[in-house]
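Working notes, beginning with the structure itself.
Number of protein chains: 2
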Amino acid sequence: MIARLLGGVALVLPALLPLPALADTLVDNINGMTVDRDGDVTHFTAMVIGDDGRIAKILKRKDKPPKDVDYHEDGKGRTVIPGLIDSHVHLMGIGLAALSLDLSDTHSLAEAQQKIAAYAARYPDRPWIIGRGWNQEQWALGRFPTAAELDAAVPDRPVFLERVDGHAGWANSKALKEAGITAATPDPTGGRIERIAGSKQPAGVLVDGAMALVSDDIPPPRPEDRDLALYKAQQELLSHGVTAVADMGTSIDDWMTFRRAGDTGRLTVRIMSYASSISDMILIGGTGPTPWLYDDRLRLNGVKLYLDGALGSRGAWLKAPYSDAPGETGLQLLNGTQLRNLMSRAAMDHFQVAVHAIGDGANAEVLDAIEEMSETYKGDRRWRIEHAQIVDPADIARFGRYGTIASMQPVHETSDRVMAEARLGPDRLTGAYAWRSIHDAGAPVAFGSDAPVEAPDPFAGIAAAMTRTDADGQPFGGWHPEETVSREQALAAYTAGGAYAGFAEGRFGELKEGEQADFLMIDRDPMLSSAQDIRSTTVLQTWIGGRKVYDARKDISDPPPKNDKREEKAGR
Amino acid sequence: MIARLLGGVALVLPALLPLPALADTLVDNINGMTVDRDGDVTHFTAMVIGDDGRIAKILKRKDKPPKDVDYHEDGKGRTVIPGLIDSHVHLMGIGLAALSLDLSDTHSLAEAQQKIAAYAARYPDRPWIIGRGWNQEQWALGRFPTAAELDAAVPDRPVFLERVDGHAGWANSKALKEAGITAATPDPTGGRIERIAGSKQPAGVLVDGAMALVSDDIPPPRPEDRDLALYKAQQELLSHGVTAVADMGTSIDDWMTFRRAGDTGRLTVRIMSYASSISDMILIGGTGPTPWLYDDRLRLNGVKLYLDGALGSRGAWLKAPYSDAPGETGLQLLNGTQLRNLMSRAAMDHFQVAVHAIGDGANAEVLDAIEEMSETYKGDRRWRIEHAQIVDPADIARFGRYGTIASMQPVHETSDRVMAEARLGPDRLTGAYAWRSIHDAGAPVAFGSDAPVEAPDPFAGIAAAMTRTDADGQPFGGWHPEETVSREQALAAYTAGGAYAGFAEGRFGELKEGEQADFLMIDRDPMLSSAQDIRSTTVLQTWIGGRKVYDARKDISDPPPKNDKREEKAGR
């Protein structure tokens with residue numbers, strides 16, 4: 000096995016490596032720092048990386064460097080921090096979004112048409128052209144665009160493009176035809192088919208519930224699209240300094256994509272996976288979590304469950320009615336028995352359980368369930384609550400019990416604060432995005448982005464966590480600034496905290512002897528910079544397992560998976 | 000990666016190994032032989048195995064052995080042949096059959112009840128008790144057994160046991176209740192619910208079409224059952240000297256079971272996998288066959304398609320009607336367009352295609368399709384026809400074209416010859432199980448067992464191939480003996496031929512330098528023994544990748560996967 004793997008690695012990785020594959024590496028002349036889960040920072044000036052990709056030695060100013068190393072990287076005094084962990088992403092979603100057409104920066108219909116046509120020409124093999132982001136207001140069009148206007152860009156393949164708000168879709172004639180939408184098609188419940196004025200003919204735009212008439216016909220991504228999407232997602236993460244993620248809702252298709260990448264040496268970013276359902280969890284893991292695969296790059300930890308919806312669409316399950324929708328308290332997607340049965344099915348085989356809970360009702364219910372489950376499923380379970388956005392102040396102390404992990408996304412607060420105030424009113428904001436209170440209650444905290452909902456940029460997250468202001472510095476002084484956390488705590492929640500939340504402590508997350516050499520060289524010192532400066536951090540280099548996998552100055556990455564598979568995919 | 004794997008191997012394998020894991024091994028004092036695809040035999044007296052599990056050197060009588068080896072195995076003059084390849088098995092079927100209760104050796108109802116009760120007590124965790132093989136005639140019962148008689152053995156869990164012929168099932172009261180079968184349940188089409196005399200109450204036995212009323216309620220195997228089944232299947236194969244198989248119809252559940260075994264060091268037998276459907280093929284392989292995984296132990300080669308049924312049930316698609324069912328020509332499960340579309344979908348991404356074809360109509364159709372496809376899909380495709388049982392003599396020459404592989408099962412001939420005569424009549428037997436003619440037509444031939452339909456015993460297959468007689472030597476002189484093959488050809492079809500059929504040549508299948516050290520020590524010389532003697536061969540030792548994985552004198556195998564997963568399956 001060993002020899003074959005060495006062979007495989009030797010074949011695949013050289014393009015990625017400026018250094019010999021297996022040799023001691025000295026990285027010195029650095030302003031190195033690492034932080035533990037408590038937020039305690041340790042500084043160092045150099046490290047030795049063994050031929051196994053792990054840190055062999057951490058050197059401080061007074062330590063003597065080894066004389067005999069095979070590769071030497073001069074840090075030129077730059078700052079080195081641990082690789083960052085994004086504890087809540089939808090990995091394939093990041094990649095598939097990157098592959099689809101983005102019209103959000105177009106300012107006229109003509110510009111959009113040009114961009115659509117160019118995109119279609121660039122991907123002649125795609126059976127459908129999918130995209131998003133258009134906005135007829137931004138185009139100063141004063142009306143919806145038409146199927147005919149889309150046909151002008153792409154006449155020969157179906158095209159379907161979502162509006163910027165996700166509440167309308169623009170189809171060309173081919174797509175309307177594939178969906179069987181004609182003058183005779185009635186508007187579906189909760190939806191509207193825009194019609195050509197003075198006729199019943201569909202005009203091209205489908206609103207809300209009518210979108211599914213077309214979107215249900217869009218074929219699922221092809222395997223080559225999935226492979227390429229994973230490549231794109233990894234590229235994006237590496238450029239942001241993200242070296243490990245928790246993938247929240249891994250389908251069997253996603254998992255097989257991860258394994259294909261692992262089997263062919265193209266899995267770079269570390270993935271802690273949470274299956275999208277109990278059945279996928281069992282299909283993948285069988286009687287328990289998988290081992291760590293591909294040198295700590297992939298593990299099925301457990302399952303992701305959904306207990307409620309989101310705040311914006313009033314799907315978050317609140318204890319009391321929405322301020323802006325009296326009588327509504329959101330959606331409880333699982334009743335108490337269902338939630339406990341699903342948690343129990345996972346826990347009985349030591350799978351880790353991560354439950355999506357946004358409203359205070361949902362959070363209380365998960366905390367109740369964990370409390371009850373903890374009697375049966377003892378030991379180190381690390382129950383996770385994903386988002387934990389709105390928590391009744393009376394429940395915050397309960398986060399500290401049973402080691403319940405709060406997996407939160409700082410940027411959601413700065414993006415959603417105005418909406419949250421409308422939904423909750425002024426009196427229920429005490430437990431909203433309550434990072435400091437939950438941390439102070441003793442809960443292990445892990446930070447993430449929820450990408451592709453938000454950009455997977457941990458530096459934006461750290462800045463938001465420190466200030467509760469957005470990129471424009473709004474609101475001045477921060478929104479409920481009593482819930483900010485220190486820079487050390489924020490960094491810990493993106494490093495050691497994220498590793499702990501995924502049972503990866505000791506493997507990666509901190510720069511210390513025996514751990515994977517996952518680190519970043521960045522252009523400023525996060526311990527000395529202002530929050531707004533931290534937000535602008537440039538990642539100069541990203542290293543994973545002792546190998547440089549991203550360099551801002553040049554493209555050192557693997558080439559994307561080939562679509563041309565004539566010869567190399569033959570029988571052997 | 001390397002260090003982790005070494006760590007993993009060191010943790011998992013010692014129990015299996017009488018020798019250091021990584022060191023040169025000398026196996027000498029042997030009557031060694033290997034055969035190439037042409038049937039040419041090479042003899043040797045010793046071999047050196049490198050620390051990678053591959054053959055470093057083959058030594059002949061005059062060669063000097065190396066002085067410095069880490070482990071020495073004295074063959075004591077025994078015969079050594081390559082590990083045998085079974086080119087058509089249902090791997091999980093072998094294991095699941097081994098896990099279910101077998102009543103075929105019971106001679107009274109009381110004995111059966113005792114065996115059922117003991118089995119239920121042995122597997123207290125199984126939610127259902129499943130079994131087969133009962134025969135009320137063998138019990139001299141003169142009637143079907145009853146649900147009450149089964150309740151006497153197992154009252155607390157549902158039980159469902161198939162009759163020896165598969166045409167009836169015996170349920171206990173729990174199973175009848177789960178299935179909702181009551182006095183009010185009508186007999187389904189094509190089936191009969193046995194009733195208690197003088198009443199409408201179900202008696203316990205369900206005939207033919209009524210069996211599904213219960214069997215549809217049986218839950219699929221649990222992951223721990225699948226893991227255990229794979230272990231049992233491997234144990235059985237190793238004891239028969241089978242070191243590699245082609246798995247014909249791998250479901251996604253099967254594949255994940257293989258990977259779990261590979262990931263935890265419990266995959267011993269090499270698997271060349273053919274997905275059970277195009278969609279599973281794409282889900283697993285994505286844009287092409289997987290790489291060889293786990294040091295040549297697992298690869299998704301392609302897909303298995305079914306073109307017709309079987310001869311016994313008159314499902315085989317014949318060119319002319321069945322002799323014993325005038326007007327019937329069997330089942331064509333795919334029309335010509337479907338067959339070509341499915342073959343094309345696989346071939347376009349260089350997946351290998353294996354088509355089940357038993358009747359002469361089906362074989363002609365696959366040969367037609369291959370002929371047409373070969374214009375489009377050039378190169379080394381190795382189209383496989385599985386079974387190729389009944390071939391129109393006019394079509395035999397066509398097997399030689401385009402390298403079409405005939406994957407055949409010698410024991411099917413000896414088991415089925417009387418039935419085949421009835422189905423085909425005397426005039427259509429020329430192309431039946433026509434091993435020699437197909438070989439002489441230039442087709443690469445691979446032999447297998449179709450286990451669990453037949454026992455996975457290659458020595459029985461070699462004997463049948465050489466003689467066309469069964470274990471009792473019937474019929475005297477052999478059935479259509481002109482279709483026997485030489486012992487060398489038979490051995491080649493179980494070794495080098497099987498490797499070639501699965502794109503594994505150069506990796507395993509022959510004992511030569513650079514190939515995996517997969518070999519058997521057996522108690523007789525197949526080049527000198529009679530066919531009936533070969534049939535009685537005892538496998539003394541089975542080695543895979545330079546490691547002894549089976550020894551007839553003692554249990555050196557891995558322990559089975561544990562059901563007790565309290566601590567070791569915890570988070571880390």
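Residue numbers (numbering that gives the first Met the number 0), protein chains in the order written: chain A, 0 to 571; chain B, 0 to 571. Yeah, the Cβ is synthetic: ideal placement off N, Cα and C, and Gly gets one too. Remember, predicted model here, so these are calculated numbers, not experimental data.
Residues of chain B with a CB under 7 Å from the CB of residue i: which are they?
| i | result |
| --- | --- |
| Pro222/A | Ile281, Gly285, Thr286 |
Taking the alpha carbon of residue i as the reference point, which residue from the options has its own alpha carbon closest?
| i | options | result |
| --- | --- | --- |
| Arg121/A | Trp133/A, Leu98/A, Gly132/A | Leu98/A |
| Glu442/B | Leu297/B, Gly496/B, Ala211/B | The residue asked about is misnamed: residue 442/B is Ala in this sequence, not Glu. Among Leu297/B, Gly496/B, Ala211/B, the Cα nearest to that of Ala442/B belongs to Gly496/B. |
| Asp73/A | Arg467/A, Leu25/A, Asp426/A, Glu374/A | Leu25/A |
| Gly165/B | Val452/B, Pro474/B, Asp517/B, Ala551/B | Val452/B |
| Ala530/A | Ala459/A, Met342/A, Ala116/A, Ser107/A | Ala459/A |
| Ala445/B | Val40/B, Asp85/B, Arg77/B, Lys199/B | Asp85/B |
| Thr413/A | Ile461/A, Ile384/A, Tyr376/A | Ile461/A |
| Ser250/A | Leu229/A, Leu237/A, Tyr273/A, Gly261/A | Tyr273/A |
| Ala167/B | Trp133/B, Lys66/B, Ala109/B, Asp367/B | Trp133/B |
| Gln137/A | Leu102/A, Gln113/A, Tyr118/A, Ala463/A | Leu102/A |
| Ala393/A | Ala450/A, Val548/A, Gly430/A, Ile192/A | Gly430/A |
| Met271/B | Leu282/B, Tyr293/B, Gln331/B | Tyr293/B |
| Val352/B | Ala315/B, Lys303/B, His106/B | Lys303/B |
| Thr541/B | Ala516/B, Arg534/B, Arg523/B | Ala516/B |
| Arg298/A | Pro455/A, Asp35/A, Phe257/A, Gly335/A | Phe257/A |
| Thr242/A | Asp186/A, Leu90/A, Thr145/A | Leu90/A |
Would you mind giving the Cβ-Cβ distance between residue i and residue j, rounded to the nearest angstrom? I have them listed as a contact below 8 Å.
| i | j | result |
| --- | --- | --- |
| Glu514/B | Arg506/B | 6 Å |
| Pro218/B | Pro126/B | 6 Å |
| Gly203/B | Leu160/B | The Cβ separation is near 10 Å, so there is no contact. |
| Leu317/B | Gly360/B | 5 Å |
| Glu509/A | Pro81/A | 6 Å |
| Ala387/B | Ala356/B | 6 Å |
| Gly649/B | Gly314/B | In this structure chain B extends from 0 to 571, so residue 649/B is not present and cannot be described. |
| Arg427/A | Leu310/A | The pair is not a contact, with the Cβ atoms about 11 Å apart (cut-off 8 Å). |
Residues of chain A with a CB under 7 Å from the CB of residue i: which are they?
| i | result |
| --- | --- |
| Leu292/B | Asp262 |
Which residue or residues does DSSP assign as beta-bridge partners of residue i?
| i | result |
| --- | --- |
| Glu374/B | DSSP output for Glu374/B lists no bridge partner at all. |
| Asp207/A | Gly190/A |
| Asn30/A | Thr78/A |
| Ser406/B | Glu385/B, Ala445/B |
| Leu160/B | Gly130/B, Trp169/B |
| His71/B | Leu25/B |
| Gly301/A | Tyr273/A, Gln351/A |
| Asp101/A | Arg131/A |
Give the residues of chain A in contact with residue i, contact being defined as C-beta atoms less than 9 Å apart.
| i | result |
| --- | --- |
| Arg313/B | Within 9 Å Cβ-Cβ: nothing; Arg313/B doesn't reach chain A, min ~36 Å. |
Residues of chain B with a CB under 8 Å from the CB of residue i: which are they?
| i | result |
| --- | --- |
| Arg225/A | Gly285 |
| Thr289/A | Arg259, Asp262 |
Residue i CB to nearest chain E CB: under 8 Å?
| i | result |
| --- | --- |
| Ile192/A | The question asks about chain E, but that chain is absent: this structure's protein chains are A and B. |
task = Would you list, in chain order, the members of the stretch 24 to 47 of chain A that have their beta-carbon closer than 7 Å to a beta-carbon of chain B?
result = none
message = Beta carbons nearer than 8 Å to chain A: which residues of the stretch 246 to 272 of chain B have them?
response = Ile251, Asp252, Met255, Thr256, Arg258, Arg259, Asp262, Thr263
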